[in-house]
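Structure first, commentary second.
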Amino acid sequence: MHDTHIESRSSRRRKRRTAGVPEKTSLPWKQIRNTLPPIEPLSADEIESIHQASLQVLAELGMKVTDLEARKIYAEGGARVDDPEEMVYLDPEMVEEV
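Take 3 as the starting number for the sequence shown in the working numbering and just add one per residue.
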(Lines of atoms letter the chains of each structure in order from A; the text may use other names.)
(Lines give C-alpha, C1' and ligand atoms only; values in the text may rest on other atoms or scores of the structure.)
Protein backbone atom coordinates (compact mmCIF):
# COMPACT_ATOMS: atom_id res chain seq x y z
CA MET A 3 0.00 0.00 0.00
CA HIS A 4 1.24 3.44 -0.69
CA ASP A 5 0.29 6.75 0.93
CA THR A 6 -1.48 9.22 -1.24
CA HIS A 7 -2.11 12.68 0.00
CA ILE A 8 -5.15 14.43 -1.39
CA GLU A 9 -4.96 18.17 -1.08
CA SER A 10 -8.19 20.12 -0.65
CA ARG A 11 -9.11 22.93 -3.02
CA SER A 12 -8.94 25.56 -0.28
CA SER A 13 -5.49 24.36 0.68
CA ARG A 14 -4.28 24.64 -2.93
CA ARG A 15 -5.85 28.13 -3.22
CA ARG A 16 -4.17 29.26 -0.04
CA LYS A 17 -0.80 28.05 -1.29
CA ARG A 18 -1.29 29.90 -4.59
CA ARG A 19 -2.27 33.12 -2.81
CA THR A 20 0.68 33.08 -0.45
CA ALA A 21 3.28 31.85 -2.92
CA GLY A 22 5.89 34.53 -3.48
CA VAL A 23 4.51 36.79 -0.74
CA PRO A 24 7.28 37.72 1.67
CA GLU A 25 6.68 37.07 5.34
CA LYS A 26 5.77 40.20 7.30
CA THR A 27 8.44 41.34 9.66
CA SER A 28 8.10 43.91 12.41
CA LEU A 29 10.24 46.98 12.30
CA PRO A 30 12.27 47.86 15.38
CA TRP A 31 10.41 50.29 17.63
CA LYS A 32 10.95 52.30 20.74
CA GLN A 33 8.74 54.13 23.22
CA ILE A 34 7.88 57.67 22.11
CA ARG A 35 8.35 60.39 24.70
CA ASN A 36 6.55 63.72 24.64
CA THR A 37 9.08 66.35 25.69
CA LEU A 38 6.63 69.24 25.42
CA PRO A 39 5.01 70.64 28.56
CA PRO A 40 1.26 70.02 28.93
CA ILE A 41 -0.83 72.77 27.41
CA GLU A 42 -3.26 74.82 29.45
CA PRO A 43 -5.89 76.15 27.04
CA LEU A 44 -7.35 78.42 29.73
CA SER A 45 -5.69 80.23 32.61
CA ALA A 46 -7.04 79.95 36.16
CA ASP A 47 -8.45 83.48 35.83
CA GLU A 48 -10.27 82.58 32.61
CA ILE A 49 -11.75 79.46 34.21
CA GLU A 50 -12.93 81.51 37.19
CA SER A 51 -14.47 84.08 34.85
CA ILE A 52 -16.41 81.35 33.02
CA HIS A 53 -17.55 79.90 36.36
CA GLN A 54 -18.81 83.28 37.58
CA ALA A 55 -20.65 83.86 34.30
CA SER A 56 -22.33 80.45 34.59
CA LEU A 57 -23.46 81.26 38.13
CA GLN A 58 -24.95 84.50 36.84
CA VAL A 59 -26.79 82.65 34.04
CA LEU A 60 -28.28 80.13 36.49
CA ALA A 61 -29.39 82.91 38.85
CA GLU A 62 -30.76 85.42 36.33
CA LEU A 63 -31.79 83.45 33.25
CA GLY A 64 -32.38 80.11 34.96
CA MET A 65 -32.80 76.76 33.30
CA LYS A 66 -35.87 75.07 31.89
CA VAL A 67 -36.82 71.95 33.83
CA THR A 68 -39.83 70.23 32.28
CA ASP A 69 -40.18 67.47 34.88
CA LEU A 70 -42.55 68.50 37.70
CA GLU A 71 -40.93 66.21 40.27
CA ALA A 72 -37.48 67.60 39.46
CA ARG A 73 -38.80 71.16 39.94
CA LYS A 74 -40.22 70.11 43.34
CA ILE A 75 -36.82 68.73 44.35
CA TYR A 76 -35.14 71.99 43.30
CA ALA A 77 -37.74 73.99 45.28
CA GLU A 78 -37.15 71.82 48.37
CA GLY A 79 -33.43 72.49 47.96
CA GLY A 80 -33.97 76.25 48.04
CA ALA A 81 -34.13 77.13 44.34
CA ARG A 82 -36.63 79.65 43.03
CA VAL A 83 -39.08 77.80 40.79
CA ASP A 84 -41.54 79.24 38.27
CA ASP A 85 -43.90 76.29 37.63
CA PRO A 86 -46.02 77.85 34.85
CA GLU A 87 -42.86 78.67 32.87
CA GLU A 88 -41.07 75.46 33.98
CA MET A 89 -38.03 77.51 34.99
CA VAL A 90 -35.63 76.99 37.89
CA TYR A 91 -33.32 79.73 39.19
CA LEU A 92 -30.32 78.81 41.34
CA ASP A 93 -28.62 81.19 43.76
CA PRO A 94 -24.83 81.26 43.33
CA GLU A 95 -24.34 80.41 47.02
CA MET A 96 -26.46 77.28 46.62
CA VAL A 97 -24.45 76.13 43.59
CA GLU A 98 -21.13 76.85 45.33
CA GLU A 99 -22.28 74.88 48.37
CA VAL A 100 -22.87 71.78 46.30
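We put the CB at the ideal spot given by N, CA and C, even for glycine. Small disclaimer: the values here were computed from a predicted structure and weren't measured.
Residue i, DSSP secondary structure in three states
i	result
K66	strand
D47	helix
R82	strand
L57	helix
R15	helix
K32	coil
K74	helix
Proximal residues to residue i (C-beta, below 7 Å), its chain only, five neighbours per side dropped
i	result
V67	R73, Y76, E88 and V90
Cβ-heavy atom distance, residue i to the ligand ADP, below 8 Å
i	result
A72	Judged by which ligands are present, the structure shown has none, so any question about the ligand ADP falls away.
Limits of the unbroken beta strand (DSSP E) element including residue i
i	result
V90	M89 to Y91
Span of the alpha helix (DSSP H) around residue i
i	result
E99	P94 to E99
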